[in-house]
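J.: Quick note, the first sequence lines up with residues -17 to 189 if you use my numbering. Glycine included, each C-beta is placed from N, C-alpha and C at the ideal position.
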Amino acid sequence: MRPKTPHANKSLRPLRRKDLPIDTESLARYLIGKTLVRETARGRMTGRIVETEAYVLGDAAGHGFKGETQRNRSLFLERGHAYVYFIYGMHYALNVSSGEKGEGTGVLIRALEPIEGTAQMEKNRRTKNPHELTKGPGRLAQALKIDKKEDGIDLCKKGPLYLAESKIPTNEIKVSKRIGITKEADRPLRFHEKGSQHTSGPKHLNR
DNA sequence: AGCCAGATTTTCT
DNA sequence: GAAAATCTGGCTA
């Protein structure tokens, strides 16, 4: 077995739901720099959130835009729950539900900076390149072994998947247009931490 | 480094 | 039946 990472036993305080901004765009900004924690039988994996996208109320690109369906029902939960969807026949992606309960808005987690449990991530992703581990929604889900089983989880309490504080201060947050969509694609609702080497998308969106 | 096509299956129309 | 909040490998330069 591999040695534990130096940070493995640090206590991680979950984010409190009341501290999460209700407004979707505000939540997308708020989550930059926070920690995503994944607990599995093999141990803990954590990453720093460095890139998010907001899917706001009345947004035609949002999965909840046309109302609640079997697929997107988690998006309509109270803010701070996981909405995991399957896309392009092979990828999963993780969102944090946002807004008021029943609103159907959310924040897509697009990229992480790997912190703890990188050995397990390398195994799940079948690569050792630290820059290929968790940049992009599909990649980070694969690295952290996130799929439909995690859909609907409360991310504001300790468990298999949750959000937590970070002790490292957040750098400047930059804004750009969203990636990979056709509707309302040019709205400035993608956020990333300036200077991160772990963001996805073309270079000109990551300045 | 950047562009392009192929993979693959769920979901809703 | 078509679209989809993506990733990968192969090509061109």
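1. Measure the alpha-carbon distance for Pro(-15) versus Ser178 and round it to whole angstroms.
2. Shortest alpha-carbon distance to Leu145 belongs to which of Arg55, Gln52, Lys16 and Leu122?
3. Taking Arg30 as the reference, give the member of Ile128, Pro151 and Lys127 with the closest Cα.
4. Tell me whether Thr6 sits in a helix, a strand or coil according to DSSP, three-state version.
5. Expressed to the nearest angstrom, what Euclidean distance is found between the alpha-carbon atoms of Phe47 and Tyr12?
6. Helix, strand or coil, according to DSSP, for Arg108 in the structure here?
7. Assuming the contact rule is C-beta atoms closer than 8 Å, Ile135 and Leu18 should be a hit. Round their C-beta distance to whole Å, please.
8. What does DSSP give as the partner residues of Val157 in its beta bridges?
9. Considering just the uninterrupted stretch of the alpha helix (DSSP H) at Leu122, what are its terminal residues?
10. Return helix, strand or coil for Ser56, following the three-state DSSP convention.
11. I'd like the list of long-range same chain contacts for Pro3, defined as Cβ closer than 6 Å, with 5 residues on each side in sequence excluded.
12. So, using beta-carbon positions, are Glu50 and Leu171 closer together than 8 Å?
13. Going by beta carbon distance, what residues of the same chain come within less than 6 Å of Ile161, once the five residues before and after it are set aside?
14. Roughly how many whole angstroms lie between the Cα atoms of Arg107 and His45?
15. Helix, strand or coil for Asp41, going by three-state DSSP, please let me know.
16. So for His180, helix, strand or coil by DSSP?
17. Within 10 Å of its beta-carbon, does Asn111 have 16 or more other beta-carbons around it, so buried, or fewer, so exposed?
T.: In brief:
1. With a pLDDT of 47 at Pro(-15), under the threshold of 50, the modelled position of that residue is not reliable, and no figure is offered here.
2. Leu145 has its Cα closest to that of Lys16, out of Arg55, Gln52, Lys16 and Leu122.
3. Ranking Ile128, Pro151 and Lys127 by Cα distance to Arg30 puts Pro151 first.
4. In the three-state scheme derived from DSSP, where H, G and I count as helix and E and B as strand, Thr6 is classed as helix.
5. When rounded, the distance between both Cα atoms is 23 Å.
6. Here Arg108 sits in coil by DSSP.
7. Cβ-Cβ separation between Ile135 and Leu18: approximately 12 Å, too far for a contact (criterion under 8 Å).
8. For Val157, which the question treats as bridged, DSSP gives the partners Phe173.
9. From DSSP, the alpha helix (DSSP H) with Leu122 extends over Pro119 to Ala125.
10. Helix.
11. Taken in chain order, the residues that qualify are Leu9 and Tyr12.
12. Not a contact, by the Cβ cut-off of 8 Å.
13. Same-chain partners within the cutoff: Gly183.
14. Rounded to whole angstroms, Arg107 to His45 spans 27 Å at the Cα level.
15. Coil.
16. His180 sits in coil when the DSSP states are folded into three classes, being neither helix nor strand.
17. By the neighbour-count criterion, in which a residue is buried when 16 or more other Cβ atoms sit within 10 angstroms of its Cβ, Asn111 is exposed.
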